[in-house]
Amino acid sequence: MLGYISSTRKKSCQACVKAKRRCDLGYPICKRCLTKGLHCKYPNASVCNAEVVVRQTTPDLTLAEVIVNGSSDLNPDDSTLDPIFSQFNDLSQSNVITKHVLPPTILESLLPQIWEPRILNQQQVSRIVNELCHIVPTMALTGKTMFMHRELYKDFQPTAYQDLCGLSALYTVKTSKNIPILAASIDAKISALMASSSTWCLTEHLAAVQALMIYQIIRLFDPSLQLQAVADKQNSLLELWTATLWKRSFNEADPFNNDCYISWAFQESLRRTVLMSVFMRGAWCALTNNGLCEQVPIMGRLPLTREIKLFESSAEEWAQNTPCTDPRSGLIAYGDLSVTWTHDSDPDGLDDFERILLAACRGDDDPRLLEFPPKGGSDTGSHDGML
Numbered sequence: 048m049l050g051y052i053s054s055t056r057k058k059s060c061q062a063c064v065k066a067k068r069r070c071d072l073g074y075p076i077c078k079r080c081l082t083k084g085l086h087c088k089y090p091n092a093s094v095c096n097a098e099v100v101v102r103q104t105t106p107d108l109t110l111a112e113v114i115v116n117g118s119s120d121l122n123p124d125d126s127t128l129d130p131i132f133s134q135f136n137d138l139s140q141s142n143v144i145t146k147h148v149l150p151p152t153i154l155e156s157l158l159p160q161i162w163e164p165r166i167l168n169q170q171q172v173s174r175i176v177n178e179l180c181h182i183v184p185t186m187a188l189t190g191k192t193m194f195m196h197r198e199l200y201k202d203f204q205p206t207a208y209q210d211l212c213g214l215s216a217l218y219t220v221k222t223s224k225n226i227p228i229l230a231a232s233i234d235a236k237i238s239a240l241m242a243s244s245s246t247w248c249l250t251e252h253l254a255a256v257q258a259l260m261i262y263q264i265i266r267l268f269d270p271s272l273q274l275q276a277v278a279d280k281q282n283s284l285l286e287l288w289t290a291t292l293w294k295r296s297f298n299e300a301d302p303f304n305n306d307c308y309i310s311w312a313f314q315e316s317l318r319r320t321v322l323m324s325v326f327m328r329g330a331w332c333a334l335t336n337n338g339l340c341e342q343v344p345i346m347g348r349l350p351l352t353r354e355i356k357l358f359e360s361s362a363e364e365w366a367q368n369t370p371c372t373d374p375r376s377g378l379i380a381y382g383d384l385s386v387t388w389t390h391d392s393d394p395d396g397l398d399d400f401e402r403i404l405l406a407a408c409r410g411d412d413d414p415r416l417l418e419f420p421p422k423g424g425s426d427t428g429s430h431d432g433m434l
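For the sequence shown, the working numbering begins at 48 and goes up steadily by one.
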């Protein structure tokens, strides 16, 4: 589902043209190239410049079975799930933690070209994990995050959001005595979300994904809790909920379509949430697989607003920069955003969201992105991570 078919693209991919076969125009990989392991390249298209719609018919590839203490009621039709999202799941969920792994250079050489894997160095992984961990105290102190706009739950606070605020605050005062309470509370809240998933409106679905993502950050990246094994299994649940959220965002009406600014805040929060959900699983994959991030092909094609700083702007500032006439105007794919960074760019002007995105994709060739920003620019002070 996290792939696109462009309504403006009419030409088949080069591999299908050469073989004189029908192309389903799937972007970034068509069905035939995906099945045969071919390099899929279109002659004229870029996701950030074309109108995009969710692919509705794709190869019969399904998300991995959700192995959790129960089952989710969200079971989308397998035919509507896009392989760009599902094809990496089996690898990310099997043998994630191992003492004996191949060197990254060998791993990279063994993977098919269409996977476009990326190896992160140790400094990049450490920097990314620290930034992810910083999300938890930020949530506790401000009630928002880099993927949760301050206007998002101003008038309606889903139960998942309220529970998340409370458990984030509890985590920030973690002691050996309250760890069992924290662990049991997170389990109970996830179970409650699973039980109610069939009744979620779109806003509640978004809040549930955000809550589960932060619960995963707490449990995966803090080994002192001894919850990593349980959380690792529930990455499949996060993947499923994220995929169905992304599909619903295209198929259902915007709940805030009567207010242009609030509608944009909701949609951009949703886009960032989907991106950061995949990003978080990618960070865990890199941490446990010698820097190999299998989620790169998915993340690189996910859209977000080009002017990132608009997320923190006022309604008046936003209105001066973003027209209400076209909800897709000003979007850019994460992969395209990464190539806009140059060595002449100033890292001190980046906010936390920009920094974590660029550290992951450009930190290897520009170590400045791996440095911590000057003090005084954060609501919560310290950027110390959990690992």
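We put the CB at the ideal spot given by N, CA and C, even for glycine. Since the model is a prediction, treat every value here as computed from it, not as a measurement.
Collapsed DSSP secondary structure at L274 in the structure displayed: Taking the first residue of the sequence shown as 1, we reach residue 274 at position 227. In the three-state scheme derived from DSSP, where H, G and I count as helix and E and B as strand, L274 is classed as coil.
For L351, which option in L211, S385, S215 has the closest C-alpha, if you only look at C-alpha atoms? Counting from one through the sequence shown, the residue named residue 351 turns up at place 304. Nearest option by C-alpha distance: S385.
So, at 7 angstroms on beta carbons, what are the nonlocal neighbours of G377 in its own chain, with the 5 sequence-adjacent residues on each side left out? As a first step, residue 377 is located in the sequence shown; it is residue number 330 there, counting from the start. Within the same chain, Cβ atoms closer than 7 angstroms to the Cβ of G377 are found at T352, R353, E354, T369, the five residues on either side in sequence being excluded.
Leaving out five residues before and five after K191 in sequence, what residues of the same chain have Cβ atoms less than 7 angstroms from its Cβ? Counting from one through the sequence shown, the residue named residue 191 turns up at place 144. Only R197 meet the Cβ criterion.
Return the bridge partner residues of C340 from the DSSP annotation. Within the sequence shown, the letter at position 293 stands for residue 340. Paired residue(s): R165.
Can A406 and I264 be called in contact, C-beta distance under 8 angstroms? Taking the first residue of the sequence shown as 1, we reach residue 406 at position 359. Taking the first residue of the sequence shown as 1, we reach residue 264 at position 217. No.
For A254, which of C212, R266, S232, V277 has the nearest alpha-carbon? Position 207 of the sequence shown, counting from 1, holds the residue named residue 254. Comparing Cα positions, the closest option is C212.
Can you look up L287 in the DSSP assignment and give me helix, strand or coil? For the purposes of this step, residue 287 is taken as residue 240 along the sequence shown, with counting starting at 1. The three-state secondary structure of L287, taken from DSSP, is helix.
Backbone secondary structure at P350 - three-state DSSP: Residue mapping note: residue 350 aligns to position 303 of the sequence shown, counting from 1. P350 falls in the strand class under three-state DSSP.
For S59, which residues of its own chain have a beta-carbon under 6 angstroms away from its beta-carbon, when the five flanking residues on both sides are left out? The count along the sequence shown starts at 1 and reaches residue 59 at position 12. For S59, where only same-chain residues beyond five positions count, the Cβ hits under 6 angstroms are C70.
Could you work out which residue in M241, S232, R165, L249 is closest to Q204 when comparing CA atoms only? Numbered from its first residue, the sequence shown carries residue 204 at position 157. Each of M241, S232, R165, L249 was checked against the Cα of Q204, and the nearest Cα belongs to L249.
Residue ranges of each alpha helix (DSSP H) within the segment 206–261, 4 or longer: DSSP runs (the alpha helix (DSSP H)) wholly in the segment 206–261: 206–219, 226–243.
Inter-stretch contact (C-beta, 8 angstroms, three-pair minimum) for the segment 166–181 and the segment 335–342: The segment 166–181 is in contact with the segment 335–342.
Mark C371 as exposed unless 16 or more other C-beta atoms lie within 10 angstroms of its C-beta, in which case mark it buried. Position 324 of the sequence shown, counted from the start, is the residue given in the question as residue 371. Result: exposed.
The alpha helix (DSSP H) that contains I403, what's its start and end? To locate residue 403, count along the sequence shown from 1; it is residue 356. Where I403 is concerned, the enclosing alpha helix (DSSP H) stretches over 399–409.
Neighbourhood of W365 by C-beta distance below 8 angstroms, restricted to the same chain and skipping five residues each side: Here residue 365 refers to the residue found at position 318 when the sequence shown is read from its first residue. Excluding residues within five positions, the ones whose Cβ falls inside 8 angstroms are Y308, W311, L357.
Per DSSP, I379 is paired with what? Here residue 379 refers to the residue found at position 332 when the sequence shown is read from its first residue. Per DSSP, L351.
In the DSSP assignment, the alpha helix (DSSP H) including L334 goes from what residue to what residue? As a working note, residue 334 is residue 287 in the sequence shown. Where L334 is concerned, the enclosing alpha helix (DSSP H) stretches over 307–335.
Residue nearest to A278 in terms of C-alpha spacing, selected from I237, S316, D301: Looking up residue 278 in the sequence shown gives position 231. Minimum Cα-Cα distance from A278 among the listed residues I237, S316, D301 corresponds to I237.
C-alpha gap between V172 and E418, whole angstroms: Residue numbering aside, residue 172 sits at position 125 when the sequence shown is read from its first letter. Residue numbering aside, residue 418 sits at position 371 when the sequence shown is read from its first letter. Roughly 13 angstroms separates the two Cα atoms.
Look up M195 in the DSSP assignment and give the residues it is bridged to. As a position in the sequence shown, residue 195 is number 148, starting the count at 1. DSSP output for M195 lists T192 as bridge partner(s).
Check H390 in the structure and name its three-state DSSP category. As a working mapping, residue 390 is identified with position 343 in the sequence shown. DSSP places H390 in the coil class of the three-state scheme, outside both helix and strand.
Where A300 falls: helix, strand or coil (DSSP): Counting from one through the sequence shown, the residue named residue 300 turns up at place 253. Residue state, collapsed to three classes: coil.
With DSSP run on the structure shown, which of helix, strand or coil describes F358? The count along the sequence shown starts at 1 and reaches residue 358 at position 311. Reduced to three states, the DSSP call for F358 is helix.
Considering only their Cβ atoms, is the gap separating L199 from S316 smaller than 8 angstroms? What you label residue 316 is simply residue 269 of the sequence shown in a count that begins at 1. What you label residue 199 is simply residue 152 of the sequence shown in a count that begins at 1. In this structure, L199 lies closer than 8 angstroms to S316 by Cβ.
Does DSSP put K201 in a helix, in a strand, or in coil? Here residue 201 refers to the residue found at position 154 of the sequence shown. Coil at K201, not helix or strand.
By DSSP, does G173 sit in helix, in strand, or in coil? Position 126 of the sequence shown, counted from the first residue, corresponds to residue 173. The sequence given here has Ser at residue 173, not Gly. The three-state reading of DSSP puts S173 in helix, counting H, G and I together.
Please say whether T219 and L270 have beta carbons closer to each other than 8 angstroms? Here the question's residue 270 lines up with position 223 in the sequence shown. Here the question's residue 219 lines up with position 172 in the sequence shown. Sequence check: residue 270 is Pro here, not Leu. At the C-beta level, P270 and T219 stay beyond 8 angstroms of one another.
T185 (DSSP reduced to helix, strand or coil): Position 138 of the sequence shown holds residue 185. In the structure shown, T185 adopts helical secondary structure according to DSSP, grouped into three states.
State buried or exposed for C63, treating a residue as buried only when at least 16 other CB atoms are found within 10 Å of its CB. Within the sequence shown, numbered from 1, the residue matching residue 63 stands at position 16. C63 should be labelled buried.
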